[in-house]
Amino acid sequence: MWRQNEIEVATRGRGFHDLTAQVQAAVRSAGIRIGICHLFLRHTSAGLCITENADPQVRRDLERFAARLAPDGDPLFQHDAEGADDMAAHVRSLVFGHELSVPVCEGALGLGTWQGIYLWEHRTDAMRRRIVVTLTGEP
Amino acid sequence: MWRQNEIEVATRGRGFHDLTAQVQAAVRSAGIRIGICHLFLRHTSAGLCITENADPQVRRDLERFAARLAPDGDPLFQHDAEGADDMAAHVRSLVFGHELSVPVCEGALGLGTWQGIYLWEHRTDAMRRRIVVTLTGEP
Amino acid sequence: MWRQNEIEVATRGRGFHDLTAQVQAAVRSAGIRIGICHLFLRHTSAGLCITENADPQVRRDLERFAARLAPDGDPLFQHDAEGADDMAAHVRSLVFGHELSVPVCEGALGLGTWQGIYLWEHRTDAMRRRIVVTLTGEP
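Residue numbers (the working numbering), protein chains in the order written: chain G, -5 to 133; chain Z, -5 to 133; chain B, -5 to 133.
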């Protein structure tokens, strides 16, 4: 059994956007008991990731880590067609990931207690981001 | 055809734990000839990865690289609810990964000769870690 | 429905090799309308990734970023059985990834406009690299 649809997210610029409830709802309504939920971001300057969902400080620390690893305007980078955050965003997308497979267990996302699914916007501007959600499994 | 089960691993603190034989056994007993084996760690402070399985020095070097990239007690981090290794572990989990899809080829894991599957514990304490193994394919 | 085959790529040493057209052709000929295309590199010193496909400077900047993150001959590394680029290649493979799942949408890869699929060779020598392509979905 296969289900596929697209989610569009309007980001408010750099930062984390919790998608867990939205994806959980799509899984619960699909009628799949055992399977896989695959999320794919159709962009190379933002990301999809699973991280700790309890303390917002974790996401702030991840943002600070990303800024140290690949800062905006890094003199290493020559590609800056869309600004000082352009190449930094491509690097972050690659290092932190932009697609996820999550198991479906007993009809719901098989996440651990402290796991949340996030769209991580790496551009400083607000953007429209498209995510392909593909669900497969057995009822 | 779908098969799903959970593996629990008791780690001995930070380091690599070889899961290859255990996952290979699950694949071989599933009766799937062509398919995918998906491994999903239900935690955000440890990882799942594939790396070189021959020279243990490779894993020691990876550990040293991780310690340089995101050291325990890094002054950049404010989240330290569970100690100096708490946020370092979240960062490492995200950078080095915590879920894997491996092809099933002719009834076994389609790994290359030098590839091993590892649980990478990023916390310094011994922990209990749960991994969801989802197998799908055709007989 | 399942299809599986292996691609072999002869690299010219370190750098990016565009696989998009080759994978797209495999997907189009498989007769799958909705599904997943999984790519798995059977090596631990090269990678598979999706990044920006328009400006070649992006890939040059990624290469420079990788060289800063994990340089050849890094004094941190002790594993150098195959040379100064050996351990650097293992680290890069892990950080930037070596397997990909891409949705199949309406019979083709569901990539965004600016996304390309690349084999990223991390060794300085020319190598032969094997990739398992696993396709599953419904017609």
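Every residue, glycine too, gets a C-beta built ideally from N, C-alpha and C.
Computed from a predicted model, the values in this text were never measured in an experiment.
Out of curiosity, what's the CA-to-CA distance linking residue i and residue j?
i: I125(B); j: A83(B); result: 17 Å
i: F10(B); j: H116(B); result: 9 Å
i: A102(B); j: R27(B); result: 7 Å
i: N(-1)(B); j: G104(B); result: 20 Å
i: R58(B); j: V85(G); result: 11 Å
i: D79(Z); j: D66(Z); result: 5 Å
i: R8(B); j: E132(G); result: 43 Å
i: R53(Z); j: E100(B); result: 42 Å
i: T118(Z); j: R62(B); result: 28 Å
i: I1(Z); j: R122(Z); result: 10 Å
i: A60(Z); j: S87(Z); result: 10 Å
i: V96(G); j: D74(Z); result: 27 Å
i: D49(B); j: M(-5)(Z); result: 43 Å
Counting C-beta neighbours from all protein chains within 10 Å, is the total for residue i 16 or more, i.e. buried, or is it exposed?
i: N47(B); result: buried
i: E76(G); result: exposed
i: G25(Z); result: exposed
i: M81(Z); result: buried
i: A64(B); result: buried
i: D6(Z); result: Inspection of the sequence shows that residue 6(Z) is occupied by Arg rather than by Asp. Flag for R6(Z) reads exposed.
i: D69(G); result: First, the amino acid is wrong: residue 69(G) is Pro here, not Asp. When all chains shown are included, P69(G) counts as exposed.
i: A19(Z); result: exposed
According to DSSP, is residue i helix, strand or coil?
i: C(-3)(Z); result: It is Arg, not Cys, that sits at residue -3(Z) in the sequence shown. The answer is strand: DSSP assigns R(-3)(Z) an E or B state.
i: A59(B); result: For clarity, residue 59(B) is Phe in the given sequence; the question names Ala instead. In this structure, F59(B) counts as helix in the three-state DSSP scheme.
i: F71(B); result: coil
i: A78(Z); result: coil
i: P97(Z); result: strand
i: A102(Z); result: strand
i: T130(G); result: strand
i: R22(B); result: helix
i: H37(G); result: coil
i: L88(Z); result: helix
i: A4(G); result: strand
i: T45(G); result: strand
i: R53(G); result: helix
If you check the beta carbons only, do residue i and residue j fall under 8 Å apart?
i: L129(Z); j: R22(Z); result: no
i: V127(Z); j: L35(Z); result: no
i: A120(Z); j: A40(Z); result: no
i: Q16(Z); j: Q72(B); result: no
i: L113(G); j: I44(G); result: no
i: D12(Z); j: G106(Z); result: no
i: R98(Z); j: I30(Z); result: What sits at residue 98(Z) in the sequence shown is Val, not Arg. Yes.
i: Q92(Z); j: L56(Z); result: Checking the displayed sequence, the identity of residue 92(Z) turns out to be His instead of Gln. No, the pair does not count as a contact, with Cβ atoms beyond the cut-off.
i: T38(Z); j: W108(G); result: yes
Taking 7 Å as the cut-off, is the CB of residue i close to at least one heavy atom of the ligand GDP?
i: H32(G); result: Absence of the ligand GDP from the depicted structure is noted, as is the absence of any ligand whatsoever, leaving it without description.
Check distances from the C-beta atoms of the segment 53 to 64 of chain G to those of chain A and list, in chain order, the residues that come in under 9 Å.
-> The structure shown has no chain A; the protein chains it does contain are G, Z and B.
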